[in-house]
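Enquirer:
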Amino acid sequence: MFRQPPPLKLNRVLIPMVEHMISTSVTLPLEMLEAAMTYTRLTSTKKTIEVHFCALKPEPVTTTGGLRLTPDRTFKQSGIGDLILIPALWRNPIPVVRKHPDIIEWIKLQYDAGAVFAAAGTGVTFMAAAGLLDNKPATTHWFYMEKLQRFFPEVDFKPNHLITRADRIYCAGSVNSVADLMVHLLGVSLGESVAQRVEQQFSHEIRKPFKDTHYADDHTTAHQDEIIVSLQDFIHHQFVSDISIEDMCRLSGLNTRTLNRRFQQATSSAPMEYVRKIRLDQARDLLKNTNLSIAEIALQVGYSDADYFSRLFKRQYQLTPSEFRRSVRGKLFYLND
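The sequence shown: position 246 = 274 (my numbering), numbered continuously.
1) Tell me whether residue 69 sits in a helix, a strand or coil according to DSSP, three-state version.
2) To which residues of the same chain is residue 344 closer than 7 Å at the C-beta, ignoring the five residues directly before and after it?
3) Taking the alpha helix (DSSP H) that residue 192 falls in, what are its first and last residues?
4) Could I get the ranges of all uninterrupted alpha helix (DSSP H) runs contained in the region 89–126, with 4 residues as the minimum, in chain order?
5) What three-state label does DSSP hand residue 287 in the structure shown?
6) Please state if the CB of residue 36 and the CB of residue 144 are separated by a distance shorter than 8 Å.
7) Using the Cβ count rule (16 or more neighbours within 10 Å means buried), how would you classify residue 217?
8) How many angstroms separate the CA atom of residue 94 from the CA atom of residue 53?
9) When DSSP labels each residue in this structure, what does residue 249 get in the three-state scheme?
10) Taking its Cβ as the centre, do 16 or more other Cβ atoms sit within 10 Å of residue 108, making it buried, or is it exposed?
11) For residue 136, does the count of other Cβ atoms within 10 angstroms reach 16, so buried, or fall short, so exposed?
12) Does the region 159–173 come within contact of the region 191–202, defined as at least 3 CB pairs closer than 8 Å?
13) Reducing DSSP to helix, strand and coil, say where residue 214 ends up.
14) What ranges does the beta strand (DSSP E) occupy inside the region 165–205, keeping only unbroken runs of at least 3 residues that lie completely in it?
15) Could you check what DSSP says for residue 128 in three-state terms: helix, strand or coil?
16) Check whether the region 53–67 and the region 106–126 touch, using three or more Cβ-Cβ pairs below 8 Å as the test.
17) So who's on the other strand from residue 42, going by DSSP bridges?
18) Taking just the CA atoms, how far does residue 69 sit from residue 61?
19) I'd like to know whether the C-beta atoms of residue 201 and residue 281 end up nearer to each other than 8 Å.
20) Closest to residue 151 by CA distance: which of 119, 221 and 333 is it?
21) Can you list, in chain order, the residues of its chain whose CB lies under 8 Å from that of residue 132, leaving out five sequence neighbours each side?
22) Alpha helix (DSSP H) containing residue 337: first to last residue?
23) Could you give the DSSP three-state label for residue 362: helix, strand or coil?
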């Protein structure tokens, strides 16, 4: 049976600083973290996340574009982080990484202490140079994929995936993918409700769900339960139909209790929850890409009652279907004469 992704406490976030780093690869995640903390203040679970920029010396670092950032910790002062954000690097990352054995050693120390890593673009070079991705999946910016594969042949680069996970190491191939990854990490650490609010503010009009786009060395679709795989296939093809627990028990030959237990173990969802997620994911796509009415979309994803569908949609995404449609179609540019 597959392993679940590692838990993430997300109390301390550390960022190693290096010249030629692409500032948006870390400032965007930090803005998303700030938004997440704001949303937790609206609930009973107010959250404070400690963030530190770290470097070998307490001197300003000039990033790509000329932005000067000043570290507030040296590597010796940093302590251990829960999440380490590794920035992307401009142009060929290999010479930069070679100049910074200090960062490589610091990364090894953080990994041995149990930190979770999110490496943006060519920042994966630091993780590869530390030997932490040997025989593990990784991704990077498409332009440097072949070069890094030749330089680090032990790393299993995945050219068809923008996000990968190898236990506690996540890699994102682009800044947009970093945003998608952060939505996932916020969901793991702060809850899906907070993550969905952040997604609505930053990237829901372009992203696909993390679960559908990433590659992991223990990917959740690679579980060994063939009966549940068959049921998943049935659901994906028949989600418009009136699927019930009784239908799944009949198809699988399992009783209700065993079905619920094995489905939860294999997919991290109860059977009917899985059906609902598939339907609502499809509804999101239809809201983005078609002019169908809400009632028509409800029917196309398996709900004859449009009001019930709207309640389920709002519970999942904190927006009504109409509000979601306006939000993803509202960013239009007009040229006025």
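Glycine included, each C-beta is placed from N, C-alpha and C at the ideal position. As the structure is a prediction and not an experimental result, all values here were calculated from the model.
Expert: Put simply:
1) Note: residue 69 maps to coil in three-state DSSP.
2) Closer than 7 Å at the Cβ level, and outside the excluded window around residue 344, lie 308.
3) No alpha helix (DSSP H) holds residue 192; the beta strand (DSSP E) holding it covers 191–194.
4) Runs found: 121–126.
5) helix
6) yes
7) buried
8) 15 Å
9) Its pLDDT being 49, under 50, residue 249 is placed unreliably by the model, and nothing is read from it.
10) So residue 108 counts as exposed.
11) Answer is exposed; the Cβ neighbour count stays below 16.
12) The answer is yes - the region 191–202 touches the region 159–173, with three or more Cβ pairs under 8 Å.
13) helix
14) 191–194 and 197–200
15) The three-state reading of DSSP puts residue 128 in coil, since its state is none of H, G, I, E or B.
16) The region 53–67 vs the region 106–126: in contact.
17) 80 and 112
18) Distance from the CA of residue 61 to the CA of residue 69, rounded to the nearest whole angstrom, comes to 13 Å.
19) No, these two residues do not count as a Cβ contact at 8 Å.
20) 119
21) 125, 154, 157 and 158
22) 334–345
23) Note on residue 362: pLDDT 31, under 50, position unreliable in the model; the coordinate value appears next. Note: residue 362 maps to coil in three-state DSSP.
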